[in-house]
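*Asks:* For reference, the structure I am asking about is given below.
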Amino acid sequence: MWRYKLHRLLLKEERDQILHACKSTVFKRVFLCVFVCFHEPVEALHLGTLMSAHGYFFPISDHVLTLKDDGTFYRFQTPYFWPSNCWEPENTDYAVYLCKRTMQNKARLELADYEAESLARLQRAFARKWEFIFMQAEAQAKVDKKRDKIERKILDSQERAFWDVHRPVPGCVNTTEVDIKKSSRMRNPHKTRKSVYGLQNDIRSHSPTHTPTPESKPATEDELQQQIKYWQIQLDRHRLKMSKVADSLLSYTEQYVEYDPFLVPPDPSNPWLSDDTTFWELEASKEPSQQRVKRWGFGMDEALKDPVGREQFLKFLESEFSSENLRFWLAVEDLKKRPIREVPSRVQEIWQEFLAPGAPSAINLDSKSYDKTTQNVKEPGRYTFEDAQEHIYKLMKSDSYPRFIRSSAYQELLQAKKKGRNIPIFPCHKNCTPTLRASTNLL
């Protein structure tokens with residue numbers, strides 16, 4: 001129907017001129033669109049839908065911006081709202097528009113569900129500025145009431161079509177959205193942020209769409225210093241290849257596989273499942289198993305997590321008259337778990353014992369950590385000694401812990417014979433998988 005009407009509107013001379021132009025590969029102005037309308041109706045609908053989606057014309061009775069081959073009426077958008085004007089409307093503009101719609105008691109201007117949710121969200125976001133936004137909406141509503149009825153309807157539909165483009169209905173295509181990768185590479189100095197309703201700059205918010213790149217200008221000295229600092233941080237970042245990460249993950253898995261009861265039968269076994277009381281006997285005797293002692297050698301964290309490991313580590317340091325570092329570390333860990341009312345007094349006790357001038361168990365701190373800890377003690381808290389604890393931890397990890405692992409006391413514990421062995425109820429075949437062995441042991 002619409003193609004027939006367009007055909008009737010064209011004069012014979014114009015049709016001949018268009019058809020003559022279509023025979024060549026060069027088209028002028030509207031000739032391409034008219035040629036598509038006559039000869040390619042599917043492409044014409046596609047082209048019209050793209051133009052409608054970008055807001056150049058819109059359906060009067062529907063707010064889904066698409067072109068249909070039926071009797072739907074369409075209206076051209078005013079040039080002020082064309083996307084070629086590089087619009088990037090603010091959230092405050094959208095809040096003014098929705099607020100204005102709520103002031104007009106008309107069925108055609110009622111807010112949809114998604115618009116009501118957007119209004120509530122914007123009201124929470126702009127709680128401090130909402131009075132100003134409401135005043136702007138109220139002033140615009142008064143101006144609209146002075147317009148002619150037909151003019152007001154047309155302007156309302158054009159304004160709503162504009163927001164249907166920039167704040168589309170959920171599920172519709174957002175033609176103003178830009179890929180983040182493309183926007184980071186774009187350099188478009190002509191695209192500027194501007195307000196639809198001429199609001200002041202101090203009440204604007206960032207648009208959820210792309211942010212335009214400001215016009216290039218010479219960088220100041222402070223900006224250059226910040227950029228240098230940023231690149232220095234990037235150079236200091238620790239980067240690993242994926243192959244190195246995979247190797248590290250594999251080595252970690254191989255190291256801890258014997259401690260996973262789903263893959264390897266535990267030793268000693270669970271007494272509630274195997275009727276083997278070795279586990280209870282070991283706990284009563286306070287003698288660690290060989291597997292438990294072996295785990296202390298994986299890292300200092302493993303030794304400190306195990307109560308028996310901490311005790312053995314402390315005994316070793318006492319034998320070398322250097323236990324103050326570990327005692328300080330344990331005291332700070334205990335401080336973090338204390339009730340808040342006990343924290344100030346406990347902070348002073350730790351300070352007097354380990355850090356104060358002439359302390360009985362003075363620890364060795366660098367000047368930077370000591371100065372920062374001295375300032376923190378004036379306002380005691382659970383993390384007053386955080387910097388000092390981290391410094392002591394690094395000292396123990398690089399010096400005391402390696403000596404403990406190489407000591408004869410640790411080697412004797414590691415080479416000690418097992419006190420018992422696992423006795424599964426149903427012996428597994430020697431060729432069965434570790435998972436099957438574990439399953440059999442848990443029966």
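Position one of the sequence shown corresponds to residue 1 (UniProt numbering), numbered consecutively onward.
We put the CB at the ideal spot given by N, CA and C, even for glycine.
1. Do Asn-91 and His-122 count as a contact pair if the criterion is CB distance below 8 Å?
2. Arg-75 lies in the beta strand (DSSP E); which residues open and close that run?
3. To which residues of the same chain is Phe-316 closer than 7 Å at the C-beta, ignoring the five residues directly before and after it?
4. Where do the ends of the beta strand (DSSP E) carrying Phe-354 lie?
5. Is the separation between the beta-carbon of Asp-267 and that of Gln-234 shorter than 8 Å?
6. Using a Cβ-Cβ cutoff of less than 8 Å, which residues in the same chain neighbour His-391 once the five nearest sequence positions on both sides are dropped?
7. Helix, strand or coil for Phe-58 per DSSP?
8. Are the beta-carbon atoms belonging to Thr-72 and Ser-61 less than 8 Å from one another?
9. So, at 6 Å on beta carbons, what are the nonlocal neighbours of Glu-386 in its own chain, with the 5 sequence-adjacent residues on each side left out?
10. Any idea what DSSP makes of Leu-326, helix, strand or coil?
11. Should Gly-55 and Phe-162 be called a contact, given that it needs their Cβ atoms to be closer than 8 Å?
12. From Leu-65 to Phe-81, what does the alpha carbon distance come to, in whole angstroms?
13. Helix or strand or just coil, what does DSSP make of Val-42?
14. Just how far apart, CA to CA, sit Ala-137 and Asn-376?
15. Distance, Cα to Cα, Val-308 vs Lys-286?
16. Are Gln-104 and Ala-139 closer than 8 Å when you measure CB to CB?
17. I need the DSSP call for Pro-299, collapsed to helix, strand or coil.
18. Identify whether Ser-319 lies in helix, strand or coil by the three-state DSSP scheme.
19. Just to confirm my understanding: we take Gly-48, look at its own chain, exclude 5 residues before and 5 after, and list those with CB closer than 7 Å. What are they?
20. How far does the alpha helix (DSSP H) with Thr-92 in it reach, from first residue to last?
21. Classify Arg-292 as helix, strand or coil using the three-state DSSP reduction.
22. Please tell me whether Leu-314 and Ser-323 are closer than 8 Å, where the distance is taken between their beta carbons.
23. Name the two residues that bound the continuous alpha helix (DSSP H) containing Ser-285.
24. Please go through the same chain and pick out, in chain order, the residues whose beta-carbon is closer than 8 Å to the beta-carbon of Ile-363, but skip the five residues on each side of it.
25. Just the Cα atoms here: how many angstroms apart are Pro-41 and Leu-119?
26. Residues in its own chain within less than 7 Å of Ser-400 by CB, not counting five upstream and five downstream?
27. I need the DSSP call for Ile-154, collapsed to helix, strand or coil.
28. For Pro-79, which of helix, strand or coil comes out of DSSP?
*Replies:* Based on what the coordinates show:
1. According to the sequence displayed, residue 122 carries Leu and not His. Yes, the Cβ-Cβ distance between Leu-122 and Asn-91 is below 8 Å.
2. Element bounds for Arg-75: 74–76.
3. Counting only Cβ-Cβ distances below 7 Å, and skipping sequence neighbours, we find Phe-404, Ser-407, Ala-409.
4. For Phe-354, no beta strand (DSSP E) encloses it, and the DSSP letter there is neither H nor E.
5. Taking the C-beta atoms as reference points, Gln-234 is found no nearer than 8 Å to Asp-267.
6. Excluding the 5 residues flanking it on each side, His-391 has same chain C-beta neighbours closer than 8 Å at Leu-365, Asp-366, Ser-369, in chain order.
7. In the structure shown, Phe-58 sits in a strand (DSSP, three-state: E or B).
8. Closer than 8 Å, so yes.
9. No residues qualify anywhere along the chain.
10. Helix at Leu-326.
11. Taking 8 Å as the Cβ cut-off, Gly-55 and Phe-162 qualify as a contacting pair.
12. A straight-line Cα-Cα distance of about 15 Å links Leu-65 and Phe-81.
13. Here Val-42 sits in helix by DSSP.
14. Our two residues, Ala-137 and Asn-376, have alpha carbons roughly 52 Å apart in a direct line.
15. Val-308 and Lys-286 have their C-alpha atoms roughly 8 Å apart.
16. Cβ distance not < 8 Å, so Gln-104 and Ala-139 don't count as in contact.
17. Correcting the residue type first, residue 299 is Gly in the shown sequence and not Pro. Here Gly-299 sits in coil by DSSP.
18. Note: Ser-319 maps to helix in three-state DSSP.
19. Apart from the 5 residues on each side of it in sequence, Gly-48 sits with its Cβ closer than 7 Å to the Cβ of Leu-67 in its chain, given in chain order.
20. Here the alpha helix (DSSP H) through Thr-92 covers 91–103.
21. It is helical.
22. Going by C-beta atoms, Leu-314 is nearer than 8 Å to Ser-323.
23. Segment 278–285, the alpha helix (DSSP H) holding Ser-285.
24. For Ile-363, where only same-chain residues beyond five positions count, the Cβ hits under 8 Å are Glu-324, Asn-325, Phe-328, Phe-354, Leu-355, Ala-388, Ile-392.
25. Approximately 40 Å, taken between the alpha carbons.
26. The answer, listed in chain order, is Leu-317, Ser-322, Asn-325.
27. Note: Ile-154 maps to helix in three-state DSSP.
28. Note: Pro-79 maps to helix in three-state DSSP.
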